[in-house]
Structure formats: structure tokens, C-alpha cells
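Below is one structure, written out as C-alpha cells, with a few remarks after it.
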Ligand code: AMP
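Residue numbers (my numbering): 7 to 211.
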């Protein structure tokens with residue numbers, strides 16, 4: 007049995023067609039059910055659909071053999087005990103620093119609101135910029151507007167969310183897309199099956 011962990015939400019919409027092309031389908035009634043472990047068209051493959059941030063955790067501990075997660079989540083998690091084997095080129099966006107204007111970055115200690123605590127810390131450390139990270143779980147764009155922070159670190163796709171909140175993208179931290187990750191032990195014990203899936207997915211990108 008092979009278990010694949012998929013991220014809920016915007017990544018899922020782009021992941022399902024990609025898996026279908028590789029030969030793996032989940033029926034609509036499975037997807038619309040309240041089940042947490044879903045059957046697929048194949049007897050030896052099950053799918054779990056979980057929060058994006060939980061995907062590397064399940065794969066790291068071997069509760070899922072493979073997973074699909076955003077590079078943003080993998081960078082933040084640290085990605086131990088798992089191999090990142092494929093860039094799927096879906097759910098593309100950029101991890102960026104944004105503020106009301108570049109003047110707002112001219113602070114001795116920059117207050118940064120983000121859910122990407124580790125990535126933000128690493129970035130500003132590399133820049134030699136002292137910072138205070140304020141961890142938020144959503145609506146980061148609000149923080150500079152209400153004076154909670156000088157800037158934010160967040161994902162930017164079209165830039166519309168920033169614009170609607172009077173913010174502009176300033177520094178580019180990372181290009182983000184979804185990646186296929188494999189538990190390192192599963193890669194050895196289920197090598198043939200996993201390699202077949204990697205090829206099937208890669209050949210249909
Ligand atoms: P946009 O307005 O198109 O720039 O999208 C920005 C909003 O969508 C932010 O709240 C982001 O956190 C979120 N977002 C954009 N791209 C992604 C992605 N690939 N994965 C997850 N969230 C995203």
C-alpha cells in the first residue's frame with residue numbers, strides 16, 4: 007500500500023489533474039465525503055488530504071510515503087527525513103517582503119509580520135538586518151496597515167491582495183511552486199513502486 011498526502015485548497019485543484027494524467031484518480035464522491043483517507047482507482051494507493059503545513063510532517067514520519075507540498079511549507083518546515091524529488095511547476099508564486107513603501111524598511115530593528123517565521127528570520131539574517139518577527143496565521147497584509155509591523159513576508163501571486171491593502175512587493179526571497187516529496191525510508195522499501203510514480207508524474211508534467 008502506498009499513501010500519498012495532498013495539500014487542501016488551492017494546490018489540490020491543480021494537483022488532481024496532474025495525478026489523473028499520471029493514472030491516479032479520486033472519485034468525486036470520495037472527495038466530497040468527510041472521509042480523511044480516500045480510496046483511489048487503484049487498490050494499492052490511498053490518499054490523505056490535509057493542511058498544507060501538515061504534509062511534510064506526515065511524510066517525514068512515514069505516515070505518508072509521498073506528498074505534494076508548496077516549497078514555502080518545505081522551507082519553513084526544514085524538510086528532514088524526506089527527499090524533494092520533483093518540481094511540479096504548479097501553484098507558482100513568490101515569497102516576498104512587502105510594505106507600504108521602501109522607506110518602511112529603513113528601520114534599525116524591522117518589525118516583520120509573517121507566518122513564515124523561519125524563512126523570514128533566515129532572509130533578514132543574511133541581509134544583516136536586525137528584525138523582530140511577529141507570527142501571524144493569516145491576514146498578514148493587515149499588519150503594516152494597522153501599525154503592527156513595518157513590513158510583511160508573504161506569498162505573492164498576482165499582487166492583487168497587496169495592492170488592495172496599499173502594500174507593494176519589495177524584496178524577492180524565493181520562487182515557490184509545489185514539490186513532490188518522498189519519505190526517505192519509503193524510498194528504499196517501496197523503491198520500485200515510488201520510482202514508477204515519480205516517472206509517471208514527471209512524464210505528464
Ligand atoms: P495574490 O493576490 O494573487 O497576489 O495572492 C496573494 C494571496 O494568496 C496571499 O494571501 C497568499 O498567501 C495567497 N497565495 C498566493 N499564491 C499562493 C500559493 N501558491 N499557495 C498558497 N497561497 C498562495
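A virtual CB, placed ideally from N, CA and C, is assigned to each residue, including glycine.
Tell me which same chain residues have a C-beta within less than 7 Å of the C-beta of residue 20, skipping the five on either side of it?
Within the chain shown, residue 20 is the residue found at index 14, counting from 1. The residues are 96 and 97.
If you count every other CB in all the chains shown that lies within 10 Å of the CB of residue 114, and 16 or more means buried, which is it?
Within the chain shown, residue 114 is the residue found at index 108, counting from 1. Exposed, because fewer than 16 other Cβ atoms sit within 10 Å of the Cβ of residue 114.
Euclidean distance between Cα positions of residue 175 and residue 145:
Taking the chain shown and counting its residues from 1, one reaches residue 175 at position 169. Taking the chain shown and counting its residues from 1, one reaches residue 145 at position 139. Roughly 16 Å between the two C-alpha positions.
What is the C-beta distance between residue 149 and residue 126, in whole angstroms, given that I count them as a contact (C-beta under 8 Å)?
What you label residue 149 is simply residue 143 of the chain shown in a count that begins at 1. What you label residue 126 is simply residue 120 of the chain shown in a count that begins at 1. With a Cβ gap of about 12 Å, residue 149 and residue 126 do not count as contacting.
Own chain partners of residue 63 with C-beta closer than 6 Å, once the 5 adjacent residues on each side are dropped:
In the chain shown, residue 63 corresponds to position 57, counting from 1. Excluding sequence neighbours, residue 63 sits near nothing in its chain.
Buried or exposed by the 16-neighbour rule on C-beta atoms within 10 Å, applied to residue 122:
On the chain shown, residue 122 is found 116 positions in, with the first residue counted as 1. Burial call: buried.
Hey, residue 186 and residue 92: beta-carbon distance below 8 Å or not?
Within the chain shown, numbered from 1, the residue matching residue 186 stands at position 180. Within the chain shown, numbered from 1, the residue matching residue 92 stands at position 86. Yes. Within cutoff.
Have a look at residue 72 and residue 111 and give me their C-alpha separation to the nearest angstrom.
On the chain shown, residue 72 is found 66 positions in, with the first residue counted as 1. On the chain shown, residue 111 is found 105 positions in, with the first residue counted as 1. About 40 Å.
Is the segment 101-109 touching the segment 197-210, taking contact as three or more C-beta pairs under 8 Å?
no
Is residue 58 near residue 84, with beta carbons less than 8 Å apart?
Here the question's residue 58 lines up with position 52 in the chain shown. Here the question's residue 84 lines up with position 78 in the chain shown. No, the Cβ-Cβ distance between residue 58 and residue 84 is not below 8 Å.
Could you round the C-beta distance between residue 184 and residue 55 to whole angstroms and report it? I think they count as a contact, below 8 Å.
Working through the chain shown from its first residue, we reach residue 184 at position 178. Working through the chain shown from its first residue, we reach residue 55 at position 49. Between the beta-carbon of residue 184 and that of residue 55 there is about 14 Å, and that puts the pair past the 8 Å contact cut.
Taking DSSP as the reference, what is the three-state secondary structure of residue 56?
To locate residue 56, count along the chain shown from 1; it is residue 50. Three-state result, residue 56: strand.
Quick check: the Cα distance between residue 167 and residue 198, rounded to an integer number of angstroms?
Locating residue 167 in the chain shown gives position 161, where the first residue counts as 1. Locating residue 198 in the chain shown gives position 192, where the first residue counts as 1. Going by the C-alpha atoms only, they are around 44 Å apart.
Return the bridge partner residues of residue 175 from the DSSP annotation.
In the chain shown, residue 175 corresponds to position 169, counting from 1. 104.
Tell me the start and end of each unbroken beta strand (DSSP E) in the segment 16-98 that is at least 3 residues and wholly inside, in chain order.
43-45, 51-56, 72-76 and 88-93
Tell whether a beta-carbon distance below 8 Å holds between residue 51 and residue 11.
Counting from 1 along the chain shown, the entry for residue 51 is found at position 45. Counting from 1 along the chain shown, the entry for residue 11 is found at position 5. Cβ distance not < 8 Å, so residue 51 and residue 11 don't count as in contact.
Return the chain-ordered ranges of every alpha helix (DSSP H) run that is complete within the segment 118-183 and spans a minimum of 4 residues.
Runs of the alpha helix (DSSP H) spanning 4 or more residues and lying entirely within the segment 118-183 occur at 123-132, 148-151 and 166-170, in chain order.
So, under 8 Å CB-CB, residue 182 and residue 161 are touching, yes? Tell me the CB distance rounded to an integer number of Å.
Indexing the chain shown from 1 puts residue 182 at position 176. Indexing the chain shown from 1 puts residue 161 at position 155. At roughly 6 Å, the Cβ-Cβ gap stays under 8 Å, so residue 182 and residue 161 are in contact.
Boundaries of the alpha helix (DSSP H) in which residue 197 is found, first to last residue
Sequence index remark: in the chain shown, residue 197 carries index 191 (1-based). Residue 197: member of the alpha helix (DSSP H) spanning 197-209, first to last residue.
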